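S.K.: Attaching a single structure in structure tokens format; questions to follow.
In the working numbering, the protein residues as written are 6 to 491.
See below:
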């Protein structure tokens with residue numbers, strides 16, 4: 006493909022992307038294909054002779070689009086939202102047009118410098134303390150791929166810090182602390198690093214947030230038997246329930262155990278702190294006071310296309326000490342002088358994508374006011390849904406709604422409590438079989454329930470009302486079938 010052929014194909018691609026978004030609302034939310042559909046449609050090996058690009062582009066429309074689940078659909082309420090803005094698409098396009106591995110400043114100065122700037126912008130947008138700014142030259146921010154990578158990097162840095170302070174401790178004695186509601190990223194970090202993980206129990210009475218007293222008790226128990234907890238992965242906005250750990254209490258407990266690294270995972274909820282009214286529910290004051298590291302995914306509820314997990318650390322040297330390996334071929338004048346950031350020492354890989362460009366495009370295009378409006382609109386939509394649930398005679402909230410997440414279940418007063426999980430599994434089975442809405446299930450300490458997370462930029466109040474109507478219809482059928490089978 007030459008430049009002019011690329012120009013023509015590019016125009017067509019933009020036209021087709023626009024057509025896709027114009028038609029999005031009329032599409033099924035979830036893909037309707039069967040497993041293995043694509044292997045049946047494609048040849049078993051690379052073609053011997055190169056194909057005409059128009060044929061390839063048409064096959065994308067014919068073969069790939071039907072296999073997509075449309076996360077930007079106005080009726081997508083599963084998991085958490087995944088951002089996809091036109092500004093982000095264009096940022097990705099520009100970033101890939103001049104591919105740079107970005108492992109040090111010299112690889113392309115703009116890649117490093119823009120990342121340092123936009124992570125500072127984002128820190129200010131969210132209200133993070135100046136200690137987390139790159140401009141502080143002590144702490145700083147970096148764009149990781151996902152919150153799982155952010156956690157893994159934090160655990161690696163925490164482990165290195167702990168072992169440097171306690172060289173007599175063996176790896177087998179180390180323990181990662183999570184809670185029973187922490188995202189699976191905590192267990193995965195332990196699996197990858199070969200470290201023990203202890204999940205501290207959280208209760209319904211505390212809205213599934215970890216209390217300081219529970220942390221103190223665990224620290225005392227492990228200390229008594231020679232186990233060495235070195236990092237706690239705390240949560241602001243858990244996946245299952247939107248739970249927020251009691252960070253002020255946790256911080257006070259950690260003050261007595263200064264070797265314990267506090268990482269705060271706010272993968273979904275953290276971006277809401279762009280709105281001052283949500284900073285207290287997300288415990289920003291405690292984050293600023295106690296956290297060693299903090300992350301939130303702008304590629305979820307933050308308008309920046311995947312992958313864009315922003316991570317900040319209070320002491321950047323902890324990352325560098327844990328991850329710096331500099332062979333001769335990577336040495337540079339500026340790196341040796343310490344006058345630039347070499348981001349390869351802030352994450353697990355060497356090369357990295359120019360992720361900051363799409364963040365720059367999006368944040369400049371929306372501005373603080375536009376970003377806040379998007380967050381507030383989605384919270385408003387969720388509040389409308391939660392109100393419908395709370396006023397219903399057949400549904401019930403399982404936990405208080407948090408920001409743009411509602412967790413609920415079908416709960417007719419006539420049915421014994423011990424039958425509700427079975428009923429709700431049948432109810433969810435009906436919902437998940439539909440193509441016009443997407444939700445997810447969860448389990449909260451033995452209570453089976455259903456999650457609705459609002460976040461698609463095109464979701465309106467009408468979509469919320471329609472979603473509730475679908476649930477009422479499916480609930481009626483589920484209850485009828487239940488009665489007939491009883």
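Cβ atoms here follow ideal geometry from the backbone N, Cα and C, with glycine treated the same way.
Since we're looking at a predicted model, the values are computed, not measured.
Suppose only complete runs of 4+ residues qualify. What are the alpha helix (DSSP H) ranges in the stretch 310-348, listed by chain order?
M.R.: Within the stretch 310-348, the complete alpha helix (DSSP H) runs of at least 4 residues are 321-328, 338-342.
S.K.: Quick test of your reading: residue 418 and residue 403, contact by CB under 8 Å. State the CB separation rounded to the nearest angstrom.
M.R.: Going by Cβ atoms, the distance from residue 418 to residue 403 rounds to 16 Å, so no, they are not a contact pair.
S.K.: Please state whether the Cβ-Cβ distance between residue 105 and residue 340 is less than 8 Å.
M.R.: Not a contact, by the Cβ cut-off of 8 Å.
S.K.: Note down the Cα distance separating residue 25 from residue 136, rounded to an integer number of angstroms.
M.R.: Distance between the alpha carbons of residue 25 and residue 136 is about 43 Å.
S.K.: What number of angstroms, rounded off, separates the C-alpha of residue 438 from the C-alpha of residue 451?
M.R.: Taking the straight line joining both Cα atoms gives about 23 Å.
S.K.: Nearest to residue 298 by CA position, among 145, 250, 22, 249, is which residue?
M.R.: When each option's Cα is compared against that of residue 298, the closest is 145.
S.K.: Go to residue 149, then tell me how far its beta strand (DSSP E) extends in each direction, as first and last residue.
M.R.: From DSSP, the beta strand (DSSP E) with residue 149 extends over 145-149.
S.K.: The alpha helix (DSSP H) that contains residue 306, what's its start and end?
M.R.: First-last of the alpha helix (DSSP H) with residue 306: 303-306.
S.K.: Within the chosen definition, does the stretch 203-214 reach the stretch 367-377 through at least 3 CB pairs nearer than 8 Å?
M.R.: Touching, no, given that fewer than three Cβ pairs across the two stretches are closer than 8 Å.
S.K.: What whole-angstrom Cβ distance do residue 309 and residue 367 have, given they're in contact under 8 Å?
M.R.: Indeed they touch by this definition, with Cβ atoms about 5 Å apart.
S.K.: Helix, strand or coil for residue 43, going by three-state DSSP, please let me know.
M.R.: It is helical.
S.K.: Should residue 288 go down as buried or exposed, given a rule of 16 or more other Cβ atoms within 10 Å for buried?
M.R.: Answer is buried; the Cβ neighbour count reaches 16.
S.K.: Mind checking which residues open and close the beta strand (DSSP E) that includes residue 458?
M.R.: Element bounds for residue 458: 452-458.
S.K.: What number of angstroms, rounded off, separates the C-alpha of residue 43 from the C-alpha of residue 311?
M.R.: Spanning the two alpha carbons is a distance of roughly 24 Å.
S.K.: Tell me whether the beta-carbon of residue 276 lies closer than 8 Å to the beta-carbon of residue 244.
M.R.: Cβ distance not < 8 Å, so residue 276 and residue 244 don't count as in contact.
S.K.: Rank 349, 20, 240, 426 by C-alpha distance to the C-alpha of residue 120 and give the top, closest one.
M.R.: Taking only the C-alpha atoms, the option nearest residue 120 is 349.
S.K.: Give, in chain order, every unbroken run of the beta strand (DSSP E) that is at least 3 residues long and sits entirely within the stretch 190-244.
M.R.: The qualifying runs are 201-205, 233-240.
S.K.: Hey, out of 252, 91, 71, 15, whose CA is closest to residue 102's CA?
M.R.: Answer by Cα proximity: 15.
S.K.: For the 8 Å Cβ check, are there 3 or more pairs between the stretch 216-230 and the stretch 147-165?
M.R.: The stretch 216-230, when compared against the stretch 147-165, does not touch it at the 8 Å Cβ threshold.
S.K.: Would you tell me roughly how many angstroms separate the C-alpha atoms of residue 461 and residue 88, rounded to the nearest one?
M.R.: Roughly 7 Å separates the two Cα atoms.
S.K.: How close, in whole Å, do the beta carbons of residue 96 and residue 356 come, if the pair is a contact with beta carbons under 8 Å?
M.R.: About 19 Å; that fails the 8 Å criterion.
S.K.: Evaluate contact between the stretch 424-435 and the stretch 233-244, counting only Cβ atoms and requiring at least three cross-stretch pairs below 8 Å.
M.R.: Touching, no.
S.K.: Could you pull out every unbroken beta strand (DSSP E) segment of at least 3 residues lying fully inside the stretch 400-463, listed in chain order?
M.R.: Those beta strand (DSSP E) runs which fall completely within the stretch 400-463 and span 3+ residues are 400-402, 410-415, 445-449, 452-458.
S.K.: What number of angstroms, rounded off, separates the C-alpha of residue 223 from the C-alpha of residue 294?
M.R.: Looking at the two C-alpha atoms, the distance is approximately 22 Å.
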